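So the structure is just underneath, and the comments pick up after that.
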Amino acid sequence: MSEGTDTTAEPEWWDDPSLPWRHKPERADIACFTFLTAAGIYALIMMPLRPTLLALIPQVFGMMGHYTGQIMSGALAAVGDPWWPLVLAIGTFGTVKFDWIYWWAGKLWGRSLIEVWSGKSERARRRNERAERFARKYETAALLLTAVPIFPRAVVLVVLGSAGTPFRKFFAVSLIGAFLTTCGYLTLGFAIGEPAVALMEAYSRYLIYLSIAIFVVMVIGYFWQNRAKANEEPRDEARM
1 MSEGTDTTAE PEWWDDPSLP WRHKPERADI ACFTFLTAAG IYALIMMPLR
51 PTLLALIPQV FGMMGHYTGQ IMSGALAAVG DPWWPLVLAI GTFGTVKFDW
101 IYWWAGKLWG RSLIEVWSGK SERARRRNER AERFARKYET AALLLTAVPI
151 FPRAVVLVVL GSAGTPFRKF FAVSLIGAFL TTCGYLTLGF AIGEPAVALM
201 EAYSRYLIYL SIAIFVVMVI GYFWQNRAKA NEEPRDEARM
């Protein structure tokens, strides 16, 4: 063997710590990752659109599973809007629309996906570990609580998928939790009633401007992050 020959094999494209699998991905891995990516793109698109949808079509927003739209739909029901039954029925399913993807991801990759989400942040790691312990100890209660916005829903769903929770039980309990919380949000909105409607009518135009501002911030943040990465690469090369 001649001197200077590099015998170190280059890692495969899939052997990347930022990816959730720890093996060469098969068809199921690619399919699940595609659905997971689609759910992430949906979340990014909805981020700037939320204020506008809440201002213009809160019932549709509530049917999509967003609790602010459900609260506003309840407030509209208090002043005679007839669409709240549809918000309740469709919004329950809208709340759990992506749950099956995270359950499937947990079944395929275990807690590797949670490690990817945690990244290098110790705070995120501790938070995710607490949610994981709670989900493993109180399976049904954790599923019911996933419909509450402050609860780390995705982490719990992945944990239960990796723990072998049967899908029928998983989906049934998720649906019950979503139904109960949707009822709660509609009831809260109904209790607030006309003041919430008047407030929304008064500030609806500003919510549209807020959507534009969020979009601008997202674009600036994207280019800023790419610029920071581009500046780090020459430094890393210089150290080698």
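So the sequence shown is residues 1 to 240, counted in this note's numbering. The beta-carbon is built from N, C-alpha and C at its ideal position, and this holds for glycine as well. Computed from a predicted structure; not experimentally measured.
Since Trp84 is in the alpha helix (DSSP H), which residue starts that stretch and which ends it?
Counting from 1 along the sequence shown, the entry for residue 84 is found at position 84. From DSSP, the alpha helix (DSSP H) with Trp84 extends over 84–95.
State yes or no: is the C-beta of Val60 within less than 7 Å of the C-beta of Ser73?
Residue 60 sits at position 60 when you count from the first residue of the sequence shown. Residue 73 sits at position 73 when you count from the first residue of the sequence shown. No; because the gap between Cβ atoms is not below 7 Å, this pair is not in contact.
Rounded C-beta distance between Arg111 and Glu132? I'm assuming under 8 Å.
Here the question's residue 111 lines up with position 111 in the sequence shown. Here the question's residue 132 lines up with position 132 in the sequence shown. Yes, Arg111 and Glu132 are in contact; Cβ-Cβ is about 7 Å, under 8 Å.
Taking only the alpha-carbon atoms, compute the straight-line gap between Ala242 and Trp100 and give it to the nearest angstrom.
In this structure the chain extends from 1 to 240, so residue 242 is not present and cannot be described.
Distance check for Pro166 and Asp15, CA to CA, integer angstroms please.
Along the sequence shown, one-based indexing puts residue 15 at 15. Along the sequence shown, one-based indexing puts residue 166 at 166. Their backbone Cα atoms lie some 30 Å apart in a straight line.
Collapsed DSSP secondary structure at Ala147 in the structure displayed
Along the sequence shown, read from residue 1 onward, the residue named residue 147 stands at position 147. Of the three classes helix, strand and coil, the one that applies to Ala147 here is coil, per DSSP.
From the DSSP output, in three-state form, read off Tyr102 for me.
Translated into the one-based positions of the sequence shown, residue 102 becomes position 102. Tyr102: helix per DSSP, three-state reduction.
Once the 5 residues before and after Trp84 are set aside, which same chain residues still bring their CB inside 7 Å of it?
The residue you call residue 84 lines up with position 84 of the sequence shown. Within the same chain, Trp84 has close Cβ partners Ser73, Gly74, Ala77, Leu186.
Own chain partners of Cys32 with C-beta closer than 6 Å, once the 5 adjacent residues on each side are dropped
Stepping through the sequence shown from its first residue, residue 32 is reached at position 32. Closer than 6 Å at the Cβ level, and outside the excluded window around Cys32, lie Trp104, Ala105, Leu108.
Report buried or exposed for Ser2, applying the criterion of at least 16 other Cβ atoms within 10 angstroms of its Cβ.
Here residue 2 is taken as the residue at index 2 of the sequence shown, counted from 1. At Ser2 the pLDDT is 48, less than 50, meaning the model places this residue with poor confidence; the figure from the coordinates comes in the next sentence. So Ser2 counts as exposed.
Coil, strand or helix - Lys24 by DSSP:
The count along the sequence shown starts at 1 and reaches residue 24 at position 24. Note: Lys24 maps to coil in three-state DSSP.
Arg133: CB within 6 Å of a non-hydrogen atom of the ligand GDP
Because no ligand of any kind appears in the structure shown, any question about the ligand GDP cannot be addressed here.
Val173 to Arg127 span [Cα, whole Å]
In the sequence shown, residue 173 corresponds to position 173, counting from 1. In the sequence shown, residue 127 corresponds to position 127, counting from 1. Straight-line Cα distance between these residues: approximately 23 Å.
Which of helix, strand or coil DSSP assigns to Ser121:
The count along the sequence shown starts at 1 and reaches residue 121 at position 121. Ser121 falls in the coil class under three-state DSSP.
Own chain residues within Cβ distance below 6 Å of Leu145, not counting five before or after:
In the sequence shown, counting from the first residue as 1, residue 145 sits at position 145. Phe151.
In its own chain, which residues sit with a C-beta less than 7 Å from the C-beta of Ala39, not counting the 5 before and 5 after it?
The residue labelled residue 39 in the question sits at position 39 within the sequence shown. Excluding positions up to five away in sequence, the list reads Phe98, Ile101.
CB contact flag (Thr68, Leu49, <7 Å)
Stepping through the sequence shown from its first residue, residue 68 is reached at position 68. Stepping through the sequence shown from its first residue, residue 49 is reached at position 49. Not closer than 7 Å, so no.
Kindly list the residues whose CB is nearer than 6 Å to the CB of Trp224, restricted to its own chain and excluding five residues on each side of it in sequence; keep chain order.
As a working note, residue 224 is residue 224 in the sequence shown. Around Trp224: no qualifying Cβ.
Using three-state DSSP, classify Ser174 as helix, strand or coil.
The residue given as residue 174 occupies position 174 in the sequence shown. The answer is helix: DSSP assigns Ser174 an H, G or I state.
Beta-carbon within less than 7 Å of Pro149's beta-carbon, same chain only, minus the 5 sequence neighbours each way: which residues are those?
Taking the sequence shown and counting its residues from 1, one reaches residue 149 at position 149. Same-chain partners within the cutoff: Tyr67.
Check whether the Cβ atoms of Leu188 and Ile71 lie closer than 7 Å to each other.
Along the sequence shown, one-based indexing puts residue 188 at 188. Along the sequence shown, one-based indexing puts residue 71 at 71. Taking 7 Å as the Cβ cut-off, Leu188 and Ile71 qualify as a contacting pair.
Note down, in chain order, each residue of its chain lying with its Cβ closer than 7 Å to the Cβ of Glu139, except the 5 sequence neighbours on either side.
The residue you call residue 139 lines up with position 139 of the sequence shown. The answer, listed in chain order, is Leu160, Thr165.
Need the endpoints of the alpha helix (DSSP H) that Leu76 sits in, please.
Working through the sequence shown from its first residue, we reach residue 76 at position 76. Leu76 -> alpha helix (DSSP H) spans 67–78.
Using CA coordinates, which residue listed in Tyr209, Glu12, Gly65 is at the minimum distance from Thr95?
Taking the sequence shown and counting its residues from 1, the one referred to as residue 95 is at position 95. Here the closest residue by C-alpha is Gly65.
Rounded C-alpha distance that separates Ala202 from Pro195:
For the purposes of this step, residue 202 is identified with residue 202 of the sequence shown, where counting begins at 1. For the purposes of this step, residue 195 is identified with residue 195 of the sequence shown, where counting begins at 1. Approximately 11 Å between the Cα atoms of the pair.
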